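Numbering (this note's numbering), first residue to last: 117 to 288.
Built from N, CA and C at the ideal position, the CB exists for glycine as well.
Quantities reported herein were computed from a predicted structural model and do not represent experimental measurements.
Taking it in order: structure first as structure tokens, then the write-up.
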Amino acid sequence: MSNLYLVGFMGAGKTATGRVVARRMGRAFVDLDDVVEERLGLSVREIFETLGEDRFRETESAELGKTTLGSDLVVATGGGVFSDPDNRRLIEKVEAVSVFLDPPWEAICSRLDENDRARPKWIDDRQARALFVKRRPDYLLADIHLELTGAESPVDVADMIRSALAEIQCAT
Ligand code: S3P
Numbered sequence: 117m118s119n120l121y122l123v124g125f126m127g128a129g130k131t132a133t134g135r136v137v138a139r140r141m142g143r144a145f146v147d148l149d150d151v152v153e154e155r156l157g158l159s160v161r162e163i164f165e166t167l168g169e170d171r172f173r174e175t176e177s178a179e180l181g182k183t184t185l186g187s188d189l190v191v192a193t194g195g196g197v198f199s200d201p202d203n204r205r206l207i208e209k210v211e212a213v214s215v216f217l218d219p220p221w222e223a224i225c226s227r228l229d230e231n232d233r234a235r236p237k238w239i240d241d242r243q244a245r246a247l248f249v250k251r252r253p254d255y256l257l258a259d260i261h262l263e264l265t266g267a268e269s270p271v272d273v274a275d276m277i278r279s280a281l282a283e284i285q286c287a288t
């Protein structure tokens, strides 16, 4: 079966949801940030600080490409992945299914504590909100758009994904 890619902004719940979806579907789970960290032997923050964002993005795209060679994977992408048209093309080419997890900005903000916000692309709330608004149209290009309130648990979101996938399969 084709891979499933979870896309969306930082704090959208991609990793937590991805783990549940993979477990339920009996698929392997890949967290793209973890894979990049492993590849470069540094944390995401360290990669940004010492090697720079370009190196992070190159590695991220290369590792994304490797996932498209596999099947049956559930992949939680980093928040920047789906904003890159080349990355989107990679996913489209293998006819994988992309799912946009879309909680409102307020829910993202209240979910991420100060520690969580210490991410390289989250400089302050104002800048992060502008990035969220800028990227949203890209995320909307995903095959499935899940409008969330932010109050759902990862299990709830996994249920929503299951229903959406069933609908797609019925329609094709
Ligand atoms: C990023 C999001 C992060 C991580 C890196 C860059 C982004 O992943 O890939 O810090 O550009 O939005 P999460 O979305 O899992 O936080």
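Here the C-alpha atom of G186 lies approximately 8 Å from the C-alpha atom of S118. Take the alpha-carbon of R204 and the one of V271: they are about 26 Å apart.
Comparing alpha carbon positions, the residue from R155, E154, V160 and E211 closest to D232 is V160. Exposure of R139 is indicated by the presence of fewer than 16 other C-beta atoms within 10 angstroms of its C-beta. When the beta-carbon positions are compared, E176 and L148 come within less than 8 Å of each other. Not one heavy atom of the ligand S3P is found less than 7 Å from the C-beta of G142. L262 places its beta carbon less than 8 Å from that of V273. Judged by DSSP secondary structure, E179 falls within the alpha helix (DSSP H) whose first and last residues are E169 to T183.
In its chain, beyond the 5 residues on either side, Y121, V123, I207, A258 and D259 have a beta carbon closer than 6 Å to the beta carbon of S214.
Under the DSSP assignment, A212 falls outside any beta strand (DSSP E); it carries neither an H nor an E label. For the ligand S3P, no non-hydrogen atom lies closer than 7 Å to the CB of V146. With respect to the 8 Å criterion, V152 and F125 are not classified as neighbours on the basis of their beta carbons.
In this structure, DSSP gives F198 a helical state, which the three-state scheme calls helix. By a beta-carbon distance limit of 8 Å, L189 contacts A144. Their separation comes to about 5 Å.
Here L228 has G127 as same chain residues with Cβ atoms under 6 Å from its own Cβ, once five neighbours each way along the sequence are excluded. Here G142 is exposed, its C-beta having fewer than 16 other C-beta atoms within 10 Å.
The beta carbon of T184 sits closer than 8 Å to those of N119, L206, I207, K209, V210 and A212, all from its chain and outside the five residues before and after it, given in chain order.
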